[in-house]
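Counting from 1, position 121 in the sequence shown corresponds to residue 120 in numbering that gives the first Met the number 0; the numbering is continuous, with no gaps.
Read the structure below first, then the notes.
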Amino acid sequence: MSRWTPNTTPVQTREDFVIDELREAIVRGHFKPGEKLDQEEIAELLNVSRIPVRQALRTLTAEGLVKMYPHRGAVVAELSREELEEIYFLRGVLEGVAARLAAPKMDEVHIAKLQAILEKMDQLTDLDGWLDLNRDFHNTIYDVIDRPRLRAMIESLRNTAAPYIREYIASPEYLEATRISHRRILEACINRDGLLAQEETQKHLRVVGEGVLVNVESLLTSS
């Protein structure tokens, strides 16, 4: 586990608090795929009993972020190549649909926000900050539509793949490819072209998915 400084002043139920903190820690890479999640250690870090930790691990198992094994306990889910391929295929389909529905409804406020986010991303070197802005960019598009089930499925797939994309995004090739694809998505939104926004979003996720798969395979080969 890398350095993790959780928020220890919950403002929701203890179970929801632990779920949110632990999910965020996994998504941000504080726990790596395959790493054991020690309930006692997590409870101590979050200043809670083991009961909400155990309940949170069940929830995150249902979300696909955690796997439970007899005699081994909870570990961060490790994904196979086939699972990652499936995730990025589904993300392309779902996020493409969301972009198609959103682009025609864009107003100048949304466009200005998207432009500001991309300008910040061009200047940022902090990995966590860049990832936050990347998520903000796509969420700003999807916020235009009122499709809670679609959003929930997109969020679940994103979170499941997040630990793997962190290993890939530091490469200059990824950053440049993402910069170009984001600009193309923005241009489609400026033109209120739903079909083009869908096409560019699907291309973007296809390229990202291919890069993540290549990176995962290289890590497996070198290990």
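Each residue gets a CB set at the ideal place from its N, CA and C atoms; glycine is no exception.
Backbone CA spacing between residue i and residue j [nearest angstrom]
i    : j    : result
S221 : V215 : Caution applies to S221, whose pLDDT of 49 falls short of 50 and renders its modelled position unreliable; the value that the coordinates give is listed next. Rounded to the nearest angstrom, the two C-alpha atoms are 10 Å apart.
R178 : E82  : 26 Å
K35  : A73  : 6 Å
P171 : I41  : 35 Å
T159 : L185 : 26 Å
A187 : E154 : 22 Å
P32  : I25  : 8 Å
Beta carbon of residue i nearer than 8 Å to that of residue j
i    : j    : result
K66  : T58  : no
R99  : G208 : no
V75  : F30  : yes
G210 : Y167 : yes
V143 : K104 : yes
Q38  : R49  : yes
Per DSSP, the bridge partner or partners of residue i
i   : result
K35 : V74
Residue i, DSSP secondary structure in three states
i    : result
R27  : coil
I168 : coil
N158 : helix
T177 : helix
D142 : coil
T200 : helix
**OP:** List in chain order: all unbroken alpha helix (DSSP H) runs of 4+ residues lying wholly within the region 57-134.
**Re:** 80-101 and 107-122
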